[in-house]
Structures are given as structure tokens and as C-alpha cells.
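Residue numbers (this note's numbering): -3 to 273. In this text, a Cβ means the ideal position worked out from N, Cα and C, and glycines have one as well. Single-structure report; data block below.
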């Protein structure tokens, strides 16, 4: 029962932090210090990635009409070309991270999945949010809809997503939103495109982890995984609604300050722990 409660809490943290640009990895590293699942290291590594599927399903449910490119008209199949075009842009944006992830996934995790990298990137991206939002006060966004996104702009946003793929603590949503804002994309479009980018990226990452782990689970492991997935899904529904409503009236500075404070907390915690030991 205790492990189920832990899975619920981890799903809660995932659902909240995956979509807010505050780094789910940074939070998971802190949470893992206090709430460790009593499972094998391989299962824990797989679980922390695969529960993202729950968060992704929330995006699919909420944005179904904007994501599904087929419909019917007078009992005939209708192909929605603007949605197909949007998916082509998503594919273009995903290419950099997909290539690097497939080639160097294990090495990147070995080199950079540590509190030092996470804390530095939390602070760096937080500072970037503050700088870019101040810069944006002096200009109007050039891109105010997904349709206005060009393929080059989509690719450049994908390069920012690559930074998040390499350096944990950057936050995938944080990196793509920072990049999009810098490129003249409106906050609403930046957030929406970030959600859409997450669908193939997270499905791919989860599928890779599932294949690497295998498909042999105990009853307890299945229960833990389901609780994490369902919790992340339900919480993500509320967080996505909140974020889309919030950015219509506010900028991202509050997330920048939050990241800076969290990065400092991570550094302080691990420094004190090392000193005490």
C-alpha cells in the first residue's frame, strides 16, 4: 500500500511539473531523495519516464480537435490539411532531439543526470525567462497562430528542445517556450506548440524505456505503474487548463523566479547533505 501512495505522489508531481516550465526532472530528483520506490533500479528508471504517458494523454484529450487530422463530411472521409501541416512542423521540430536521443540516450543520462547539472540549468533557464520577457516588452509577437509557424522556425524551436534533451533541469517545455518567445512567437502559441511537440517525443521516450525494460511485470509493479499514469493524466488536465488561462493575462516571469529559487534550494540541500556526511 505504501508503494502505491508513493506512486500516486510521483504521478502528482509529474502531472504538475511536466507542463509548467519548471523542470519535472529537477523536482523528481528532489522528491526521489525523500520518497524512494521500493523497486528495482531498472523499474524505477522506466517508471519515471513512462508515467509521462499519462501527462501526454491529457494533451491528446484536451486538444483532440487540433491534433486529429481526419473527419467526416456527408459520410465521406475529410482530411484536414492544416492539421497535417501542423504535424509536419512538429516532425521537423522533433528531428534534432530524436537524433541525439537515439544515438546518445544512455551516455547523456550517465553524464548529465545529476543534481549539479539540474540545479545549474534550473537557474540558467530561469534567468533566460526574466531576460526574454523584459526584452519582449518592447516588441509585438510576429507569430500568433500555429498556422503562422514556418518550417525554419519550427526547426529552430526543435534546437531549443534539444538543449532540454541533453541537459536535465532545463525543462522541455521551458526550453521550447524560451526559444519560441525569442523567435517572436506569442505566449499562447508557444505553449500550444510545446504541448504538441511533447506527444511524439514522450511517446517515443516511453516506448524506448518499455522496450529496454521488457514486458515482464509483477502484480505490484503493474499497480504502481497504473497509479502513476492515471494520477499524472488527471492532474495534467487541470494544470494545462490553468497554464493556458494564466498566460493570457500574465508573462512567464513567475516561473523564472521559481526556477532560480528551486535551483538554489537544490544546491543548498546537496551541499548541506555532503557536509553533514
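Short of 7 Å from the beta carbon of residue 46, and not among the five residues preceding or following it, lie these beta carbons of its own chain, in chain order: 202, 205, 206 and 221. At a Cβ-Cβ threshold of 9 Å, residue 153 and residue 181 count as neighbours. Nearest C-alpha to residue 55 among 188, 69 and 123: 188. Beta-bridge partners of residue 72 (DSSP): 69. DSSP links residue 139 through a beta bridge to 181. Around the Cβ of residue 238, a 10 Å sphere holds fewer than 16 other Cβ atoms; the residue is exposed.
Between the beta-carbon of residue 11 and that of residue 227 there is about 6 Å, and that keeps the pair under the 8 Å contact cut. Look at residue 117 here: in three-state DSSP terms it is helix. Under the DSSP assignment, residue -3 falls outside any alpha helix (DSSP H); it carries neither an H nor an E label. Looking only at 32, 6 and 30, the smallest Cα-Cα distance to residue 20 is reached by 6.
The Cβ-Cβ distance between residue 123 and residue 256 falls below 9 Å.
In the three-state reduction of the DSSP assignment, residue 33 falls in the coil class, being assigned neither a helical nor a strand state. Note that the C-beta distance between residue 22 and residue 82 is not below 9 Å. For residue 148, the enclosing alpha helix (DSSP H) stretches over residues 147 to 162. The C-alpha of residue 258 lies about 8 Å from the C-alpha of residue 115. Ranked by Cα distance from residue 157, the first of 51, 223 and 90 is 90. Residue 225: member of the alpha helix (DSSP H) spanning 215 to 242, first to last residue. Between residue 64 and residue 191, the C-beta gap is not smaller than 9 Å, which leaves the two residues out of contact. In the three-state reduction of the DSSP assignment, residue 15 falls in the coil class. Between residue 97 and residue 200, the C-beta spacing is below 9 Å. Residue 0 places its beta carbon 9 Å or farther from that of residue 231. Rounded to the nearest angstrom, the gap between the Cα atoms of residue 17 and residue 215 is 34 Å. Remark: C-beta atoms of residue 129 and residue 32 do not approach each other more closely than 9 Å. Scanning its chain for C-beta atoms nearer than 8 Å, with the 5 sequence neighbours on each side dropped, one finds around residue 251 the residues 16, 17, 18, 122, 125 and 170, in chain order.
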